[in-house]
Every structure is written in C-alpha cells, then in structure tokens.
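Report on the following structure.
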Amino acid sequence: MTANLANLQQFELSRQKQIDRITNKIIYLESANITQDFPLQQCDYVIVLYGMKICIAKVIAMYYEGYGNHCYSQNVVTQIEDLSYILLQVYLPIYLNIFASQTVEGYTLFTHHCPQNIIYHIKSNEVIIGDSSLTLTGVAHNTFNYFNRNTIKNSIINMM
Numbered sequence: 016m017t018a019n020l021a022n023l024q025q026f027e028l029s030r031q032k033q034i035d036r037i038t039n040k041i042i043y044l045e046s047a048n049i050t051q052d053f054p055l056q057q058c059d060y061v062i063v064l065y066g067m068k069i070c071i072a073k074v075i076a077m078y079y080e081g082y083g084n085h086c087y088s089q090n091v092v093t094q095i096e097d098l099s100y101i102l103l104q105v106y107l108p109i110y111l112n113i114f115a116s117q118t119v120e121g122y123t124l125f126t127h128h129c130p131q132n133i134i135y136h137i138k139s140n141e142v143i144i145g146d147s148s149l150t151l152t153g154v155a156h157n158t159f160n161y162f163n164r165n166t167i168k169n170s171i172i173n174m175m
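According to my numbering, the sequence shown is numbered sequentially starting from 16.
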C-alpha cells in the first residue's frame with residue numbers, strides 16, 4: 016500500500032501547476048516514514064486508516080511473526096514489513112487538528128491492526144496530549160491534512 020501511496024503522491028505533484036509546500040515536505044512515503052534514522056517504537060504516533068477514517072494512533076505494542084505465531088517485541092522497527100500486527104490506541108478526529116481518545120459512550124479505542132493500515136509515522140514532539148485529547152502541530156498537522164483530503168483518503172480506502 017505504501018508504494019501505491021508514493022505513486023499517488025507523485026501523480027498529485029505532477030498534476031498540480033504549483034507544488035504545494037506541505038505535500039513536498041512529506042518524506043519517505045514508501046516506508047510510511049519508518050526508517051533507520053526514524054524507527055518506529057512503542058509510544059510513537061502514526062497516521063492510520065481506522066475503518067473509513069484517517070486517525071491518529073499511539074503504538075502500544077508491536078508483533079512480528081515467528082514459528083507460526085505472533086511474537087511481542089520491544090525492539091525498534093526500521094521496516095514496516097518486519098511487523099505482523101500492531102496494537103494501537105486510536106484517536107478519532109473531532110475538529111481540525113484535535114482528536115479524542117474516547118468515544119461518545121466514554122470508551123477508549125484500542126485495536127490490533129495490520130501494519131498495512133499505518134499510513135505515516137509522525138514525530139512525537141508535534142503531538143500534544145491532553146486529558147482525553149490529542150492535538151497535532153507543525154508538520155504532523157499538515158501531513159494529516161494532506162492524507163485526510165477527500166481525493167487522497169478515498170484512494171487510500173480503495174487500496175485496502
């Protein structure tokens with residue numbers, strides 16, 4: 016899926032007469048911004064597809080496949096393909112750059128997700144955590160807005 020997102024981004028850039036400065040700052044799209052220099056680890060934040068919504072999620076636990084089972088790992092991950100699934104705390108979008116970790120009924124959302132649902136790894140210093148909310152700032156906010164555009168979001172959903 017990340018390779019398809021990279022192709023979609025290239026198409027978007029070539030189609031535009033003026034390159035959007037926000038889109039231009041989204042790097043390492045093919046690897047969901049999980050690299051040797053910026054590895055994924057517990058307590059990091061990612062942009063994910065949750066149902067039909069683009070959301071923010073906190074990484075709670077990561078698993079890899081071994082001996083026909085899923086094995087828990089505390090090690091950092093430098094390639095998304097190394098994961099078999101991932102446990103996430105999901106923050107649903109409320110308004111603009113504000114997200115809630117609780118549903119209307121008062122439940123906190125946790126999910127076991129396929130790593131393919133991870134769209135992009137974002138920097139934790141661009142995430143502000145409140146009592147039950149999360150606020151994105153800086154590049155993380157702009158990156159979320161890019162992926163949450165209807166054309167991009169629909170393309171992501173169709174890739175799944």
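For glycine and all other residues, C-beta sits at the position ideal for the given N, C-alpha and C.
In this text the structure is predicted, and so the values were computed from the model without any measurement.
Secondary structure of M175 (DSSP, three-state): coil. Taking the Cα of V63 as reference, the smallest distance to any Cα among Y135, H156, I144 is reached at Y135.
Among the bridge pairs identified by DSSP, L111 is matched with none. In the DSSP assignment, A155 falls within the alpha helix (DSSP H) that extends over 153 to 162. Within the same chain, V91 come within 6 Å of Q56 by CB-CB distance, once the 5 residues on both sides are set aside. The stretch 70 to 80 makes no contact with the stretch 40 to 54; the number of CB pairs closer than 8 Å stays below 3. A direct Cα-to-Cα measurement between S148 and L107 gives close to 9 Å.
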